[in-house]
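Notes follow the structure.
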Amino acid sequence: WCLTELGNFAEARGVGEEGVQLAEAVEQPYSIIAMLSVIGAHYRRQGVLHIAISRLERGLILGQTTNIPRFFPLLASSLGAAYALAGHVAEAHALLDQMLERLASGSRVFQHANVLTELSEALLLVGRVDESSALAARLLELSRTHPGRGYQAHACRLLGDIAMRR
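Structure (structure tokens):
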């Protein structure tokens, strides 16, 4: 994740794919799901949507079949963005609606800032500008009270994209 954030895409891809292979070799579903969420988001950011979608869908299915829901928000948000970019708008809307319901319920979300980033971007991609704006504003507020200046950069980028869209 960090290598992708820094723009070291080739190294990130190598480390991510190796992480998936290691997790599969020791048959640890939790680790496999974690690595699939990271490498799937990496491929989505690179625009390699067919691989991103396959990794993220696999992570969602494995999380459901092994009853490991912790990564669902991150996987679903990233997958919603990948679906939107690939033109699978109906599938994107279904996942995004699930995620918005989950956030509205107030339940705790693992990797909250990452989920807000991915979800806001996905909502913007499918034209749900007001919902995207609300989440980007939440991300900006969260970034001011938590460490990690990268989230503030993502929030500002998203708010700029939203302003341009409007």
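Count the sequence shown with this note's numbering and you get residues 261 to 426, in order. Think of the CB as a built atom: it goes at the ideal place given N, C-alpha and C, for glycine as much as any other residue.
In this structure, Ile299 lies near Arg315, with their beta-carbon atoms less than 8 Å apart. In the same chain as Tyr303, and ignoring 5 residues on each side of it, the C-beta atoms closer than 6 Å to its own belong to Ile311, Ala312, in chain order. Excluding five sequence positions before and after Phe370, the CB atoms of its chain that fall closer than 8 Å to its own CB belong to Arg330, Phe331, Pro333, Leu334, given in chain order. Separation of the CB atoms of Glu381 and Leu355 is rounded to 13 Å, and the pair is thereby denied contact status at 8 Å. 8 Å or more divides the Cβ of Ser403 from the Cβ of Val375.
Residue nearest to Ser297 within the set Asp421, Tyr343, Gly323, Asn327 is Gly323 (criterion: CA-CA distance). In its chain, beyond the 5 residues on either side, Thr377, Leu399 have a beta carbon closer than 7 Å to the beta carbon of His414.
Judged by beta-carbon spacing, Leu320 lies beyond the 8 Å limit of Leu345, meaning their Cβ atoms are not closer than that value. Under the three-state reduction of DSSP output, Arg426 falls in the coil class, being neither helix nor strand. Leu395 is not a Cβ neighbour of Ala341, given a cutoff of 8 Å.
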